[in-house]
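A.B. asks: I have a structure here, written as structure tokens, and I will follow up with some questions on it.
Protein chains: 2
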Amino acid sequence: MRIGELASATGVSVRSLRYYENQGFLSPERSVSGQRIYGPESVQRVELIQRLFDAGLCSKAMTDILPFIADPRPRAAALEARLLKERERLSNDIAKIERSRESLDQLISEMGRFST
Amino acid sequence: MRIGELASATGVSVRSLRYYENQGFLSPERSVSGQRIYGPESVQRVELIQRLFDAGLCSKAMTDILPFIADPRPRAAALEARLLKERERLSNDIAKIERSRESLDQLISEMGRFST
DNA sequence: GTAGGACCTGACACCAATGTGAGGGGCAAG
DNA sequence: CTTGCCCCTCACATTGGTGTCAGGTCCTAC
Numbered sequence: 001m002r003i004g005e006l007a008s009a010t011g012v013s014v015r016s017l018r019y020y021e022n023q024g025f026l027s028p029e030r031s032v033s034g035q036r037i038y039g040p041e042s043v044q045r046v047e048l049i050q051r052l053f054d055a056g057l058c059s060k061a062m063t064d065i066l067p068f069i070a071d072p073r074p075r076a077a078a079l080e081a082r083l084l085k086e087r088e089r090l091s092n093d094i095a096k097i098e099r100s101r102e103s104l105d106q107l108i109s110e111m112g113r114f115s116t
Numbered sequence: 001m002r003i004g005e006l007a008s009a010t011g012v013s014v015r016s017l018r019y020y021e022n023q024g025f026l027s028p029e030r031s032v033s034g035q036r037i038y039g040p041e042s043v044q045r046v047e048l049i050q051r052l053f054d055a056g057l058c059s060k061a062m063t064d065i066l067p068f069i070a071d072p073r074p075r076a077a078a079l080e081a082r083l084l085k086e087r088e089r090l091s092n093d094i095a096k097i098e099r100s101r102e103s104l105d106q107l108i109s110e111m112g113r114f115s116t
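So the protein lines, in turn, are chains A and B.
Residue numbering for the first sequence is 1 to 116, as defined by my numbering.
Residue numbering for the second sequence is 1 to 116, as defined by my numbering.
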């Protein structure tokens with residue numbers, strides 16, 4: 001499978017597939033002329049990558065996490081810990097925006113008293 | 001008051017004060033030699049700008065909003081509408097991250113079934 | 001007048017994933 | 001062999017507030 005076919009099979013842009021390779025998430029074979037050749041398992045792989053992006057992980061986090069996935073069981077605890085750390089980051093992000101929203105509510109309630 | 005003094009009075013960096021001017025949030029006088037000269041009301045002004053940043057507004061939004069603040073009353077309704085729009089944006093941001101967190105929870109609960 | 005600190009402008013760095021374009025090679029069907 | 005589409009690499013743009021240089025100028029105290 002060449003890159004365009006994988007792109008349409010997964011809905012991910014060709015550009016992004018090349019980026020994933022650059023980040024080390026995919027390692028396709030190359031044809032003699034240098035074209036990327038992907039096996040059928042790459043579809044699942046790309047879908048997993050997409051799920052991780054949807055889950056709010058950045059490339060850097062995925063670099064940590066992807067090697068653990070599909071490894072034998074002993075790593076499961078470390079993997080879960082890493083994912084929980086990401087979960088905590090998301091919760092912190094939410095809390096931060098909630099604080100911003102409270103600040104904004106305060107400003108709205110003060111309206112009419114500005115004089116600067 | 002020169003820029004360094006305003007910076008220490010407000011806790012905002014000199015770099016940021018110059019940026020605020022560039023964005024049109026502040027319009028200090030200039031001395032003959034070109035140095036920025038701020039009046040004492042600038043302290044309040046900078047504090048308001050900081051409050052808006054804390055409230056999660058971006059410079060672009062503040063460009064819309066600042067001219068209304070300190071204007072006579074008739075604009076109050078438009079100003080409030082604008083701030084409520086920003087509030088909605090924050091709520092949307094929160095919802096988006098919450099969805100990411102749910103995706104992550106789903107992934108965590110699936111752990112052990114990965115094979116790619 | 002000189003030292004040293006405060007100030008000036010302009011510009012690059014950061015973070016992250018993706019879009020986009022240039023310039024060129026590969027491949028299959030007619 | 002040509003046409004046309006797919007692929008290749010390299011590289012710049014995007015977003016935004018701030019940090020941080022570099023290379024100069026200004027101001028104040030001595």
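The beta-carbon is built from N, C-alpha and C at its ideal position, and this holds for glycine as well.
Whose C-beta lies closer than 7 Å to the C-beta of Arg45 (chain A) among residues of the same chain, with five residues either side of it excluded?
C.D. replies: What you label residue 45 (chain A) is simply residue 45 of the first sequence in a count that begins at 1. Result list for Arg45 (chain A): Leu26, in chain order.
A.B. asks: Check whether the stretch 76 to 86 of chain A and the stretch 36 to 54 of chain B touch, using three or more Cβ-Cβ pairs below 8 Å as the test.
C.D. replies: No, they do not touch.
A.B. asks: Comparing alpha-carbon positions, which option in A:Glu21, A:Arg89, A:Ser109 lies nearest Thr63 (chain A)?
C.D. replies: Here residue 63 (chain A) corresponds to residue number 63 of the first sequence, with the count starting at 1. The candidate whose alpha carbon is nearest that of Thr63 (chain A) is A:Glu21.
A.B. asks: Pull up the CB-CB distance for Leu90 (chain A) and Ser100 (chain B), whole angstroms please, since I reckon it's below 8 Å.
C.D. replies: Within the first sequence, numbered from 1, the residue matching residue 90 (chain A) stands at position 90. Within the second sequence, numbered from 1, the residue matching residue 100 (chain B) stands at position 100. About 6 Å; that satisfies the 8 Å criterion.
A.B. asks: Could you spell out the range, first to last residue, of the alpha helix (DSSP H) harbouring Arg2 (chain B)?
C.D. replies: Along the second sequence, one-based indexing puts residue 2 (chain B) at 2. From DSSP, Arg2 (chain B) is part of no alpha helix (DSSP H); its letter is neither H nor E.
A.B. asks: Measure from the C-beta of Arg101 (chain A) to each C-beta in chain B and report whether the shortest distance is under 8 Å.
C.D. replies: Numbered from its first residue, the first sequence carries residue 101 (chain A) at position 101. It does; some Cβ of chain B falls within 8 Å.
A.B. asks: Against chain B, does Gly11 (chain A) count as a neighbour if the rule is that its beta carbon must be under 8 Å from one of theirs?
C.D. replies: Walking along the first sequence from the start, residue 11 (chain A) turns up at place 11. For Gly11 (chain A), the answer is no, since every Cβ of chain B falls outside 8 Å of its Cβ.
A.B. asks: DSSP three-state call for Ile37 (chain A): helix, strand or coil?
C.D. replies: Your numbering for residue 37 (chain A) matches position 37 in the first sequence. Strand at Ile37 (chain A).
A.B. asks: When Cβ atoms are compared, which residues of the stretch 31 to 43 of chain A fall closer than 7 Å to chain B?
C.D. replies: Cβ contacts with chain B: Glu41.
A.B. asks: May I ask you to list, following chain order, the residues of the stretch 62 to 95 of chain B that have a beta carbon less than 8 Å from some beta carbon of chain A?
C.D. replies: Those would be Ile69, Ala70, Arg73, Ala76, Leu79, Glu80, Leu83, Leu84, Glu86, Arg87, Leu90, Ser91, Asp93, Ile94, in chain order.
A.B. asks: Kindly indicate which three-state DSSP category Thr116 (chain A) falls into: helix, strand or coil?
C.D. replies: Translated into the one-based positions of the first sequence, residue 116 (chain A) becomes position 116. For Thr116 (chain A), the pLDDT reaches just 49, beneath the cut-off of 50, and the residue's location in the model is therefore unreliable, leaving the point undetermined.
A.B. asks: Use the C-beta contact count for Ser109 (chain A): other C-beta atoms within 10 angstroms, 16 or more gives buried, fewer gives exposed.
C.D. replies: Walking along the first sequence from the start, residue 109 (chain A) turns up at place 109. Ser109 (chain A) should be labelled exposed.
A.B. asks: Using 8 Å as the limit for Cβ to Cβ distance, is Ala7 (chain A) near chain B?
C.D. replies: Within the first sequence, the letter at position 7 stands for residue 7 (chain A). No, Ala7 (chain A) lies away from the interface with chain B (no Cβ there is under 8 Å from its Cβ).
A.B. asks: Can you name, in chain order, every residue of its own chain whose Cβ lies under 8 Å from the Cβ of Glu102 (chain B), other than the five neighbours on each side?
C.D. replies: The residue labelled residue 102 (chain B) in the question sits at position 102 within the second sequence. The answer is none, since no qualifying residue turns up.
A.B. asks: Between Ile3 (chain A) and chain B, is the shortest Cβ-Cβ distance under 8 Å, so that the two count as touching?
C.D. replies: Residue 3 (chain A) sits at position 3 when you count from the first residue of the first sequence. Not an interface residue.
A.B. asks: Can you say whether Gly177 (chain B) is buried or exposed, counting buried as having 16 or more other CB atoms within 10 angstroms of its CB?
C.D. replies: Residue 177 (chain B) is absent from the model: chain B starts at 1 and stops at 116.
A.B. asks: Residues of chain A with a CB under 7 Å from the CB of Gly24 (chain B): which are they?
C.D. replies: Here residue 24 (chain B) corresponds to residue number 24 of the second sequence, with the count starting at 1. Per Cβ cutoff of 7 Å: no residues; Gly24 (chain B) is ~15 Å from chain A at best.
A.B. asks: Evaluate Arg15 (chain A) with the Cβ neighbour count: other Cβ atoms within 10 Å of its Cβ, from every protein chain shown; 16 or more gives buried, anything less gives exposed.
C.D. replies: On the first sequence, position 15 is the one that residue 15 (chain A) refers to. Exposed is the call here.
A.B. asks: Starting from the C-beta of Ile37 (chain B), find all residues in its chain whose C-beta is less than 8 Å away, skip the five residues before and the five after it, and write them out in chain order.
C.D. replies: Within the second sequence, the letter at position 37 stands for residue 37 (chain B). Here the set comprises Met1, Arg2, Pro28, Glu29, Arg30, Ser31.
A.B. asks: So with Cβ pairs under 8 Å, would you call Thr116 (chain B) a contact of chain A?
C.D. replies: Mapped onto the second sequence, residue 116 (chain B) falls at position 116. The pLDDT assigned to Thr116 (chain B) is 49, lower than 50, so where the model puts this residue is not dependable, and the model offers no usable value.
A.B. asks: Can you find the residues in the same chain that come closer than 8 Å, C-beta to C-beta, to Ser13 (chain B), ignoring five residues on each side of it along the sequence?
C.D. replies: Walking along the second sequence from the start, residue 13 (chain B) turns up at place 13. If we look at Ser13 (chain B) and ignore the five residues flanking it on each side, its Cβ neighbours are Ala7.
A.B. asks: Are the beta-carbon atoms of Ala61 (chain B) and Met111 (chain A) separated by less than 8 Å?
C.D. replies: Here residue 61 (chain B) corresponds to residue number 61 of the second sequence, with the count starting at 1. Here residue 111 (chain A) corresponds to residue number 111 of the first sequence, with the count starting at 1. No, Cβ-Cβ distance for Ala61 (chain B) and Met111 (chain A) is not below 8 Å.
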